[in-house]
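Report on the structure given below.
Residue numbers (the UniProt record's numbering), protein chains in the order written: chain A, 1 to 415; chain B, 1 to 415.
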């Protein structure tokens, strides 16, 4: 079972948008044991599309195409697919009724020819009905390959993959099992981690592969096992994770994609009945935004004071002006006062504070570009640490957010 | 001048990470008039890499490869490239000295064989010296194609593209001009926009292409002009933008990639000497984080109160408990009181507030999932509006952030 993903659109080739659709589709295919062997991004150009389709024909069992189905004139996918299949475009009555209802009923506008033409599909295609938008998905077969065409708008594509594509693929193909386990580690760099686990890695069985996925402040280790006996694969993965735990246990924070630091921290806070608040200067609200990206965070997160101006630190958080004058706004003393201030103000068990200079310029603070002080107020006192996260601005902010969450997570775990 | 971008790594093919490198490279190439005609993601597999390289050989002038150069064992790119070129790996003395200095001098660890092997390069390759990491880039030529291999870590790849790759490409190739102009519109959907500008679009000259790039709350229009006379292209683009302005002027907020809503709003606030604060419930700090992602935002942004808990709304923002009890926490009345509360607390000219239910569950609020109320406090009164942004949670938050920034931008522009 081999699949290829094709993305159509000049906006990807000139770098204006990042292709996130392919990643979503690959993840969905991987879960049901369909391996994606190639991803391609090509232009909105008829000859390029035709050439690509014929190069993939019969080499892949499934070719899934996103993009180029919108209502506007730069979209030529549908006509080109039709030509490739030697078919003709016809109006699909169900889609036409749906589009009409959406435009006239929901948006309260008269329907236009551009809208109506969204209901055109190749006569031999099976329509994948798009309840969340106007462009239908299409399932077409030619010789040994299934071609699936989906709109490029991410939530429409996702809806169709989950509700129409995956069930049809499961029904049509027999597939091997591919199981993955991702181990999220924080605080050890990639090379050092590689050395620490070298002998474990060398002894992995042939059907288990390891990959390192580094990103700011963390390294994820991904184990992939492939075979026909699902139970045996699961047993092997569990055994390997257990061995790994004995070597680098203290660096492991969570497992798999869903267990991000903010999710794992949220579970821990909820389980222990603890509450948290933040006082953010250089992170500008991003710690709060990250914590509240988790549904149910209102159970443990009371809020944040984003104190970008010094007067906000003084008037709302109760940081003494004299402290700022003496130590400067980016200092251990001010970070400490901010954390204690918001802990008291919001009456929470724990509080995090950040102050720093994210750059790119020195600005009014004396601190070097990249400097961030993180303070953690606990029921038993306040701890601070100073870092330099380098540049650019975006990386400084992201590393400060990750490090702050890592600090509080490890602190609570100790107790 | 045709280029292809190849990304190597199983983590992309199973959907674990999104490929952002290709987008960065494409944008950099586009700026110097090198067209990217294809992007491919392939596996860490020797045969797959060899087959891909030979299929691109002589069809493209430049093939740029990222990924697969890290210190760990899942990286086989370098050996495979060497085999493809019929070359052998040798130690590069300058790279070896750099790696040794970085590991022993900066990280204070003894150097290992894994580290040393990062200095291995094909003997005929030109080394692209990587000052910000340990894996060197490589420039290799075979027949009519230049192959460039770069590490996959985004900031190392970016450093090498900007400092080593682009200058060498400019020196080596003659290129046509490709000029782009992006027009950022807010508040009109894609289909309606397409109808409003249909006759303008039909009359665009042949060498100018238009693309629609919709995303939550906005549609970007991208004009691309290609030819040998740079000045003529620029005049034509300016003329077309001027025409477009006459048709949909009120929807246009900014131009080009850098002019995001938060940047344009920041400029306007700074220019007028106005200040802003936010009180955020359902957006959880993301409006503040978006505003402060812009360097220099401390000139106009004083801060935010992220009032996730009701008690935070009452105790810090001064929202009357009675108001919450009577109208519920997601209501026009509470949003209004939050905006006025933070405007007064932080003494700013303008203030934005959000309260809503981002979902996925109904939670303790009575409000439907997806409901968001946005309030804007101005020097002349407070305005509120209620929206339903549907699902999922992430989209609700993003649309609320965009809509809030759009509201204040358009309000200030009126005055």
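Every residue, glycine too, gets a C-beta built ideally from N, C-alpha and C.
By the C-beta criterion, the region 185-198 of chain A is judged not to be in contact with the region 162-177 of chain A, since fewer than 3 inter-stretch pairs fall below 8 Å. 275, 277, 278, 280, 281, 282, 283, 284, 285, 286 and 287: these are the residues of the region 270-287 of chain A whose beta carbon lies less than 9 Å from some beta carbon of chain B, given in chain order. Counting only unbroken stretches of 3 or more residues, the beta strand (DSSP E) elements lying wholly within the region 176-233 of chain B are 177-186, 208-215 and 218-227, in sequence order. The contact set of residue 66 of chain B on chain A, defined by CB atoms closer than 9 Å, is empty, because the minimum CB distance reaches about 13 Å. DSSP places residue 123 of chain A outside both helix and strand once states are collapsed to three, so it counts as coil.
A contact between stretches requires three or more CB pairs, one per stretch, nearer than 8 Å, and the region 316-334 of chain B fails this requirement with the region 249-257 of chain B.
Membership of residue 346 of chain B in any beta strand (DSSP E) is not indicated, and neither H nor E is assigned to it by DSSP. In this structure the region 50-62 of chain B does not touch the region 117-131 of chain B; the number of beta carbon pairs closer than 8 Å is below three. Straight across, the Cα-Cα distance linking residue 148 of chain A with residue 138 of chain A is about 6 Å. Residue contact check for residue 339 of chain A against chain B: no CB pair falls below 8 Å. Scanning the region 5-81 of chain A for uninterrupted alpha helix (DSSP H) segments of 4 residues or longer gives 10-13, 21-31 and 46-56, listed from N- to C-terminal end. The CB of residue 10 of chain A comes closer than 9 Å to the CB of 209, 211, 222 and 224 in chain B, given here in chain order.
Secondary structure of residue 317 of chain A (DSSP, three-state): coil. From the beta-carbon of residue 346 of chain B, the residues of chain A found nearer than 9 Å are 309, 311, 312, 315 and 316. With a cutoff of 8 Å on beta-carbon distance, residue 285 of chain B and residue 306 of chain B are scored as near each other. By the Cβ-count criterion, residue 151 of chain A is buried, with 16 or more other Cβ atoms from all chains shown falling within 10 Å of its own Cβ. Note on residue 144 of chain B: under 16 other CB atoms within 10 angstroms of its CB, so exposed under the neighbour-count rule. Against chain A, the beta carbon of residue 26 of chain B has neighbours under 8 Å at 12, 13, 14 and 15, listed in chain order. The bridge partners DSSP lists for residue 138 of chain B are B:127 and B:149. Residue 274 of chain B sits in coil when the DSSP states are folded into three classes, being neither helix nor strand. Non-local beta-carbon contacts of residue 358 of chain B in its own chain, meaning distances under 6 Å to residues more than five positions away in sequence, involve 282, 393, 396 and 397 in chain order.
Residue-level contact by beta carbon holds for residue 153 of chain B and chain A, with a gap shorter than 8 Å. Around the beta carbon of residue 236 of chain B, 16 or more other beta carbons lie within 10 angstroms, which makes this residue buried.
Chain B places no beta carbon closer than 8 Å to that of residue 410 of chain A, leaving this residue out of the contacts.
Rounded to whole angstroms, the Cβ separation of residue 303 of chain A and residue 346 of chain A is 6 Å, and the two are in contact under 8 Å. Pairing residue 182 of chain A with residue 220 of chain A gives a Cβ-Cβ distance under 8 Å. DSSP places residue 411 of chain B inside the alpha helix (DSSP H), whose first and last residues are 393-414. Shown here, residue 283 of chain A sits in coil according to DSSP, grouped into three states, outside any helix or strand. At least one CB atom of chain A sits nearer than 8 Å to the CB of residue 292 of chain B. Within chain A, the residues placing a beta-carbon under 9 Å from that of residue 40 of chain B are 38, 39, 40 and 41, ordered along the chain.
Put simply, the CB of residue 289 of chain B is near chain A, with a gap under 8 Å to one of its CB atoms. Interface residue (Cβ-Cβ distance to chain B less than 8 Å): residue 70 of chain A is classified as such. Under the three-state reduction of DSSP output, residue 111 of chain B falls in the coil class, being neither helix nor strand. The C-beta of residue 18 of chain B comes closer than 8 Å to at least one C-beta of chain A.
Between the alpha carbons of residue 7 of chain A and residue 40 of chain A lies a distance of about 6 Å. In the structure shown, the three-state DSSP call for residue 372 of chain A is strand.
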